[in-house]
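*Asks:*
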Amino acid sequence: METLVEQFRQGCRAAGMAVTHQREVIFRALMEMEGHPSPEAIYGRVKRQIPAISLATVYKNVKTFIDAGLIGEVSLHHGALRLETNSLPHHHFVCTRCKEIFDIEDDHLAPVELRRDLPSGFMLDRCSVEFQGLCGRCAAQTTQS
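This note's numbering numbers the first residue of the sequence shown as 7 and each following residue consecutively.
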């Protein structure tokens, strides 16, 4: 964890951001959480350490982290902002019932390539594949019903 925090501090400095106590607590909370947490979930954890912090402050810092490239965000078309801590190339499986997001390692997929050129003027940054269906827990509930 300390290596990640030091990388975070260096990333903040490189982006011209101050390394504040609040920012570090928010980052630590995010890195300690499993999956793809929402800012609200991070806020719930951070509030235990910094009772006076607001949800708006957590959102503002999360946006700053995303803009600086310190963390990523998962597609917004599943309802709410979900954050990405895995910086390795990977894809996602999204449960259509509970909205949980699971990582699928890049090497579990055959290479994906475009069959046609991108529309004029588009520049590709990365390719991400998303699978949708029921997670194991939701599938088990469906078969029990």
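Note that the Cβ used here is the ideal one computed from N, Cα and C, for glycine as well.
Tell me which residues share the same chain as Glu111 and place their Cβ nearer than 6 Å to its Cβ, disregarding the 5 neighbours each side in the sequence.
*Replies:* Excluding positions up to five away in sequence, the list reads His96.
*Asks:* Let me check one thing: in DSSP terms, what residues is Ile107 bridge-paired to?
*Replies:* Val100, per the DSSP bridge assignment.
*Asks:* Report, in whole angstroms, the separation of the C-beta atoms of Val52 and Ile32, which I expect to be a contact under 8 Å.
*Replies:* The Cβ separation is near 6 Å, so the contact holds.
*Asks:* Expressed to the nearest angstrom, what Euclidean distance is found between the alpha-carbon atoms of Ala146 and Thr91?
*Replies:* Straight-line Cα distance between these residues: approximately 28 Å.
*Asks:* Alpha carbons only, please: which of Arg34, Glu30, Tyr65, Ala58 is nearest the one belonging to Ser44?
*Replies:* It is Tyr65.
*Asks:* Give me the residue from Arg122, Arg132, Ala24, Gln138 with the minimum Cα distance to Cys104.
*Replies:* The option with the nearest alpha carbon to Cys104 is Gln138.
*Asks:* For Glu38, report the span of its alpha helix (DSSP H) as first-last.
*Replies:* Unbroken alpha helix (DSSP H) run through Glu38: 27–38.
*Asks:* Is it true that the CB of Gln55 sits closer than 9 Å to the CB of Ala35?
*Replies:* Their beta carbons are under 9 Å apart, which means Ala35 touches Gln55 by this criterion.
*Asks:* Which full runs of the alpha helix (DSSP H) of 4+ residues lie inside the segment 55–93, going along the chain?
*Replies:* Correct list: 61–73.
*Asks:* Skipping 5 residues on each side, what residues in its chain have a beta carbon closer than 7 Å to that of Tyr49?
*Replies:* For Tyr49, where only same-chain residues beyond five positions count, the Cβ hits under 7 Å are Leu61, Val64.
*Asks:* My assumption, with CB atoms under 8 Å, is that Arg19 sits in contact with Asn67. Please give the rounded CB distance.
*Replies:* With 8 Å as the limit, Arg19 and Asn67 do not qualify as a contact, their Cβ atoms being about 16 Å apart.
*Asks:* Keeping to the same chain, check which residues put their C-beta closer than 6 Å to that of Glu106; ignore five residues upstream and five downstream.
*Replies:* Excluding positions up to five away in sequence, the list reads Cys141.
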